Each structure stands twice: as C-alpha cells, then as structure tokens.
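Right, one structure below, let's go through it.
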Amino acid sequence: MKLLIRLVIFLLVCACLAFFGYAYLINHQVAERFKERLWDVPAKVYARPMTLYPGLQLSAKSLGQELDLLGYRRVETQEQLSVPGTYTRYHGRFVLNCRPFDFGAQRRPLRRTELTISGSRITRLKTGLKTGQRNADMEQLDPVLIGQFYPSSMEDRILLDTEDIPALLKKTIVTVEDKNFYSHYGIDFKSIFRAIVVNIRQGRFTQGASTLTQQLAKNFFLSPEKTLKRKLSEAFVAAAIERQFTKEEILEAYINEVYLGQDGARAIHGFGLGAQFYFGKSLGLLSPRETALLVGILKGPSVYNPRVHPDRAMARRNTVLGLMADQGLISSTQLTKSLGRPLGVIPVPRQWRFPFYLDLVKRRLLKEYREKDLKTMGLRIFTPLDPLVQLAAEKGVADFMAGKNSKLQAGVVVAAGATNEIQAMVGGKQPKYKGFNRALDAKRPIGSLVKPAVYLSALERPENYTLVTRINDGPVSLKSGGRLWKPMNFDKKFHGELPLYQALVHSYNTSTVRLGMDLGLDTVFATMAQLGFKPAAPLVPAMLLGSFEMTPVQVAQVYHTLASGGFYTPSRVINVVYTPDGETLQRYPLRIEQHLDPGAVFLVNKTLQAVVRQGTGKSLSRWLSPDLGIAGKTGTTNDLRDTWFAGFSGNRLAVVWVGRDDNKSTGLTGASGAMQVFGRIMAQIPNTPLVLTPPENIEWAVINPETGLRTNNNAPGALAVPFIRGSAPGVPDPAAEVEPPTPAAPGPDKQPVQKKKPRYLIDWLKDVFK
Amino acid sequence: MKKYYFYLIALALIVLSACAQKRPVSMPQSHWPPESVPEIGGPVTGQSTMPGDSAVAGRGEAQNPLLSAVRPVQRPRPKALTRMIENAENQLKNRQPQLAFSTLEQALYIDGQDPLVWHLMARAQLDQGNVVQAVSLAKKSDSLAAAYPEVKKKNAALIRKAQGG
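Chains as they are written, first to last, in the numbering used here: chain A, 71 to 840; chain B, 804 to 968.
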C-alpha cells in the first residue's frame, strides 16, 4: 500500500513537474515569439502622386482614368460624397472627397477638392474641408498602389495601432466572439462546460468555446488540426499569452491577425485591410452596421462572403446587430434603421498589374535589401511610375500589334525629360503577364541609333567640323576582321558631297562610316561612353552603324544625356523607401554630371529635330504635331531584324524597340515599326514642345547650305545655322553678294566678275596691295 | 619732328594692317538666330497633323514655339511652381536643404527647364556639403538660363563659392 501511495505521489510529482515544465517552456516560447515582429507585411509599391494645379495640361478623361486607377467611385450627388474615395463629375467639373494619405514627409488629411477642366487644362482648383473650400495653387492626390511584394504566405494586412481601432469594434468583437474576455485567463471553463452540454444534447459539434486568446494562440503558434494534444497546447499558449500581455494588447493583436477573406491568391487579414477590402474605407469611418458585418464575417469568411452570399451575410450581420443592441452598443432606433439597410459592400478593388515595371523596381531593391525583408517588413516604396503613361504605352504597343505578325514583340521605356525617372515600361506585347522583360533584357543591335554619337564626336571638334562642313557620302570599303566591308546606304545610292547635318537627317551610312573612321573608333566610342554606354571591345568599323547590342533601357539612358543637354543623369525607378512607421529608410535623389559640351549637344539635338521634321522620322507627323519639335532618331538593323526609335519632347523621352524573339526579319523599318509605336504612345500623353535653349557658346549665322558658306538673309535657300562660337565660316559665299543678273546679261558661264565695292578702308587697302 | 614720326608710324600701321587676313565679319552674326530665316530643324510647311490629336499643343497658334523659345524669353511660371520655389527657399533658409531638394524635385515635374529650380537645387546640395553635385546643378541651371541674367549671376557666385573662390 505504502509503495502504491509512494508511486502515486511520485507520479503526481512527475505530472506536476511535467505540467510546470511545459508551462515554463511555452511561456518562454510565447515571450520569444512576441519579441520578434509578429506579422509579415508585404511591401507596397506606389506610383507617383498626381499633382493638380491651375494650368496643368490634363483632360477630363485622363483625370477620370486616374481616379479609376485610385479606386475612387463616381457618385451622382454631392450628398453621396460622404465616403472618402468618391467623386462627382459634371462635364469638366469634378468634386473629389480625397482620401487621407501618409506620404512619410507629410500627411495629407481627408479633404474635399473641386476642380474644373476646360480645353484639356485645369482652369480652377479649390480645396479644403467639406464646409468650405478655398482657391488653391496646387493639390496632390493619393498615389495609385501599383503592386505589392508578398510573403510566401500571401497574407496581406494593414497594421493598426491601438489608437486607430474604434471602441465600437472592440466591444462588438468581445460581444460576439468572447463575452467573458475581460474576466477569464485565456481559457473560459464556463463556456467550455456550456459548449459540452450543448454539443452532447444536440449529438453533434455545434458550439465552440475558444476564447479570443485561444484563437490568437491557434493562429500564431499551432497547426489547424483538431486533436486533443493541440487543444491542450492551445490552452497552455493562451494562458501564457494572458500572463504576459494586457487584455488591450491581446485584442489589438487579434484585430490585426484574423483572416477575413480571400482575393485570388491574396489572403485578407486584419480588420484594417478588411475595412478597405469590403467597404473601401479606413476602419475609423465604418458605420455600426458595417462594423457588424465585418465582425459577423469572422465566423466563416467564405460562408458569409458578402459578395458571394449576400443573403447569408445579411442574416449574419443582423444577428450581430441584435447582439450589439442587447449589449447597449447601439440604440434600438439604430438597430431598426440598420436592419433594413443594404450591405454597402463595394466591388472587389482592382489590383493593378504592372509586372514589367515592378520587375525593374524589385531588381533595383534587391541590390540593397534581402528578398525576405522586402516581402515581410511592410516597406512603402514610392516610384515615379505614371500609370497614365504606362497605360498609354501598353495601348500604343497593343494598337500597333493588332493585325501584325503574331511573332512581333516590343520593348518600351518612357522617362521624364528633366529627371530621367522611368515613368513607364513595357517588356512585351502582353503587359499584364510577367515574362521576358524585353525593355530590360533584350540585347539587340541598335543600328542607326548610334549615329548621333558619331556626329556629336565630330561637332565636339568645332575647329574641324560644323553642321555645314561638307562630308563625303561616296562608296566606302574597309578591311575589318580580315574581310572587306562595304557598307551601303538604305536607299542603295550614294549622295556625294553634302553638309554634315544632312547625312544625319537622312541617316546615310557611308558618310557616317567615313566620318567615324576619320574621327577614330576610340573617339566615337569614348563619346558613347560619356553618353552613358560603353560597348565591349574590340571596336570594329561596323559598330559605327550600330552593330553592337543594347537594351531599350540602356538606349534610353544614352538618349537622355542628349535630351538633357549633355548632363548625364542615372535613371531612377525608386524615389524613396519608408518603413511602416514613416521613417525614411532610403532616398534616391536626383544626381547629374556634366559629361559633354552643351553646345555640341545642342547642335546634335537641332539636327535630331530636323530628322523628325524632314528626315527619316518625317512620318511621325501622322501622330504628333511638328510644333512639338520632337527630336528623334530611327534605327533599323540588317535584314530588318530590329526596328528602333528614340525620341524626346520638352518633357518626356521614349525608346521603342520592335522585333522578334527568334531574331528573324520583321519586314519593318525604324520608321514603319518602332516609330509608329512611339507616335501612338506620345499622342496619348501630355507633351510640351521641345524648345532648345542655346548655351552660351552658340552663335548663329546665315548659311547657304549648298556651299556651306555665309550668305545674306534674302538669298534663296538661306538657312540659320547654329555654330560653336568661333567656328562659323569666315568666308562669305561669293554668290551672295553678286548682283542678280539682269535680263540682258550673258549666261552664267560668261558672266563677268563684277568688281566688289570695298566697304571699309582696310578692304580698299587690301585691294591696292593685292 | 615728333609730329612727323607720329604720322609716319600711323601710316605704317595702316599699311601693315592690310597684310592681315581678309576680315571675316561682313555679315551679321549673333547668339540668336535671325528671325526671318528658317533654322535647321525648324518648321516645315505643309506637314499635316492627325485630326483630333489631343497631345498636339499650340496647333494653329500664330507664334512658332520653336522660334520664340530659342530667343531669350522667360518662361511663364505657374503659380504652383512659384509656390514650390517659395517653399524651397524657405526650407533653405530654415536649414532644411534635404527637404528643399525634395520640394524642388517635385517642381521639376511642373517645369523641368526652369533655371531657378536647378539653381536652388544646386544651393540645396551645397548646403549639404555636396560640392560636386552643387557645381553640376549650377552648370545645368546655367545651360537653361540664357534669358535669366540674374540666375546666371547667382550660378557664377555659387560655383565660385563651391570651388572655394
């Protein structure tokens, strides 16, 4: 007997030791777990915020499109403008109930903005509180969310602090889910007993007795299977949580943790995101009946999905409303009013997909952040993507491709002229599906896009070359790699002696090769390096016609240096990264370096304007007014395999490549292929005229383009030509000062040389001493 | 006697000057293109535009924006830009150069060719001790400041200061 008692005592001691040991272990695990970050929050990537100001070139259609991208809902009357993220529109007059937004550096409050658009410009702008708006110089909308980097769990949530959580929500959750929450210690034995009785009576499992703390414990620490062992562990974990945290902290964690629905692969967690997902507003703005629905959904997010099963959801909401009224959370009048009201659920907010652009953003971020951190830390990343430009670029590609060979592909990059921020990127003709990103990865020969570098190299030597220097477009043959290379012009003709600028305007090959060889390959490709791209050695003459590979984004970098007057500006796709707390993690400011003489770049840009006005880019006028003064260059490679166009207006630069992945002939040229996409894109977005400001070292002279010599303003064909100061031809065209032949005069071959009248004493003396 | 020497030297100088190369300047030459003569890359008559093209700016205007813009005219500045410039200037005064730089980056969205914006960016960089960037930005401002002599003066002073002059 004694032995038995001893055994029992021993077993009891062992059980106690095991119990307390396990409790200690769990307690330690809970403490460790809560020390870490509790949730993986995806990184959010935002587009540029639209800045509105009187005078801004913006059509009503474009503003409507931006609001649609933002998920703003159009309502009919101003009375319906009660919810943030709604607007009314009557012709060109918009009234917006703007959402609040935290930009990190500044927080924009909830406000009402009124604006009038007339003739594709904002003519009036007022902003302020609902009660009174005042004229404003500018207003900034919240930015479009263009994508997220999700953790492997695909959980998405908006984390809330205690002060962001309405008291009504807390009380409703406690009322519905765990009435004794404030009195139990993690496990509610009374409820368990009641549940057992109910379940036995009904002969099946109908009632659960998990407390909020147990539900939290289950989600955080345990697997979802229903075993006795897991139930016991859950109880231990719940008790540990209760021991270490206050009730308020537990409730806050619960509100941030719970699962509330599914959006494709994305799991909607927490009431913060739930409120946005179902009602398009922040939690603080939910009405009691909306709160009731959200809490009601908790019981079974798919069973009570209000979009799929509105009747079930309505019944569940009304049950919750009843419980709220029983607990005095709402008045009976509110209850009666609310019961008959519709659910008020919005359509599923659209998730915008710009996978090619996000691909670029991610690649840049991965240079500085670990992928795990990127997907879990809840970073907020602000990019310069302009969704309107992006959609225009996608449409430009799609419209061009319609009815064309199905194997044609495209790569497009659009950048801001001043800052070289990439505003749009299309990596293929199916822009919504992430695949091979041709804008970033398709390395293709650039053809004639290299020519501006050749001419720039020449014009940087004003003592030898000006725009009107006569160069030779005759046949050329060179030994290259042991073989004889005989480049031809596209039109299979030679054009003899011609002014240098004409050779670029018409993209002649033989004159370019001659010029490049005279300058030296090293010189030309040193200029190319200054523009932003250094081709790999060895340098061969065929590279003067672009027989080396570049990606569209690299071409955009080179042409941006031209567009910015010789100032190299590294391209940017991220402006700033914030932590979830609003701290600046990393800023990516604008950086510039002067790489080239602005005067020489000005001369090249003037010629690139001539390319579009009268040269190989002439047919761009089908899409864009010549008044925009677009500067650009076409490029076509051997057998019409690649077609390129790079061009810029006063505020934007775009590079387009059209070709085939199998590298076969497209049957198109730069002008009939890529340039047509460029035209389509630029015609849809606001562009300002390209006005080139002559730098200090530029002077102008009137030139006879036939001779390259000076002439007077009235001479036929006289052209105003810019020169680097001191390089304008000194000798006037003799024909310019010849008196026009009189009808009686003999033919030109017999025309007597007329004696020029000396204009200065010094000229008279020269004549005397000649 | 001295008088005769003077005349002799003067005559000799005149005679010798005739041995100089022919005077190149006998026609007008300026920093600005002659208005009555077409430019390289200038407008070509008879080019049509696409009807209903919303992106076409200034179509039908009597004034050619290309020609007018190359002459030294100051660009009209929208109020929003003026306000941003004022904000940036205040931020610079309050020793917040980084914030000022961010404000000015925003201003570039409104007009990327305003030399004052670039000049203030140069100042913001100089205030942060980024001398190389400050000089580059001042030079960029200068390249756009043909019609802004005041900005050019400020740029010159900034570059002198940055280079320790």
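Ideal Cβ placement from N, Cα and C applies to all residues, glycine included. Values in this document were obtained by computation on a predicted structure and should not be read as measured data.
- Within the region 397-485 of chain A, the complete alpha helix (DSSP H) runs of at least 4 residues fall at 402-409, 425-436, 441-446 and 457-471.
- Measuring C-alpha to C-alpha distances from V496 of chain A to each of A:I751, A:L343, A:T316 and A:A573 identifies A:I751 as the nearest.
- With 16 or more other Cβ atoms from the protein chains shown falling within 10 Å of its own Cβ, C168 of chain A counts as buried.
- In the three-state reduction of the DSSP assignment, N579 of chain A falls in the helix class, which pools H, G and I.
- Using a Cβ-Cβ distance cut-off of 8 Å, the region 551-560 of chain A and the region 638-653 of chain A are not in contact, since fewer than three pairs of beta carbons, one from each stretch, lie closer than that value.
- Annotation: P900 of chain B has no Cβ neighbours in chain A at a cutoff of 7 Å; minimum Cβ distance is about 11 Å.
- For Q936 of chain B, the enclosing alpha helix (DSSP H) covers residues V934 to S946.
- Less than 9 Å divides the Cβ of A633 of chain A from the Cβ of G487 of chain A.
- In the DSSP annotation of this structure, the continuous segment of the alpha helix (DSSP H) that includes I751 of chain A starts and ends at A744 to Q754.
- Interface flag for P952 of chain B against chain A is unset, since no Cβ pair is found closer than 9 Å.
- Contact of I812 of chain B with chain A is not assigned, every C-beta pair being separated by 9 Å or more.
- Not a single CB atom of chain A sits nearer than 9 Å to the CB of F809 of chain B.
- In the three-state reduction of the DSSP assignment, G141 of chain A falls in the coil class.
- The alpha-carbon separation between L436 of chain A and Q332 of chain A amounts to approximately 28 Å.
- Per DSSP, D712 of chain A is one residue of the beta strand (DSSP E) stretching across D712 to F718.
- When the beta-carbon positions are compared, A941 of chain B and A903 of chain B stay at least 9 Å from each other.
- Rounded to whole angstroms, M447 of chain A and F306 of chain A show a C-alpha spacing of 29 Å.
- For Q332 of chain A, the three-state secondary structure derived from DSSP is strand.
- Just so you know, the alpha carbons of L591 of chain A and P918 of chain B end up roughly 36 Å apart.
- For the pair L195 of chain A and A206 of chain A, the CB atoms are nearer than the 9 Å cut-off.
- Contacts with chain A at 9 Å (Cβ-Cβ) include K942 of chain B.
- Counting along the chain, the unbroken alpha helix (DSSP H) around I367 of chain A starts and ends at P358 to I367.
- Scanning the region 222-267 of chain A from its first residue to its last, the whole alpha helix (DSSP H) runs of 4-plus residues come out as 237-247.
- Chain A has a Cβ within less than 9 Å of the Cβ of K882 of chain B.
- The beta carbon of K288 of chain A sits closer than 6 Å to those of E304, all from its chain and outside the five residues before and after it, given in chain order.
- Nearest C-alpha to T316 of chain A among A:Y439, A:P696, A:Y252 and A:I96: A:Y252.
- For G217 of chain A, the closest Cβ of chain B is not nearer than 9 Å.
- Within 10 angstroms of the beta-carbon of I492 of chain A lie 16 or more other beta-carbons, which makes it buried.
- For F173 of chain A, the secondary structure class from DSSP, reduced to helix, strand or coil, is coil.
- Close CB contacts of G340 of chain A within its chain, under the 6 Å cut and outside five residues either way in sequence, are with R227 and N326 (chain order).
- Where W693 of chain A is concerned, there is no enclosing alpha helix (DSSP H), because DSSP gives it neither an H nor an E.
- A straight line joining the alpha-carbon of K369 of chain A with that of F349 of chain A spans about 19 Å.
- Cβ neighbours of F424 of chain A within its own chain (closer than 7 Å, five residues either side excluded): I216, G217, L455 and Q460.
- Cβ-Cβ distances below 7 Å link T283 of chain A to G256, A308, I311, E312 and I320 in the same chain, with the five nearest sequence neighbours on each side left out; the list follows chain order.
- 9 Å or more divides the Cβ of H665 of chain A from the Cβ of G699 of chain A.
- The contact set of A891 of chain B on chain A, defined by CB atoms closer than 7 Å, is empty, because the minimum CB distance reaches about 13 Å.
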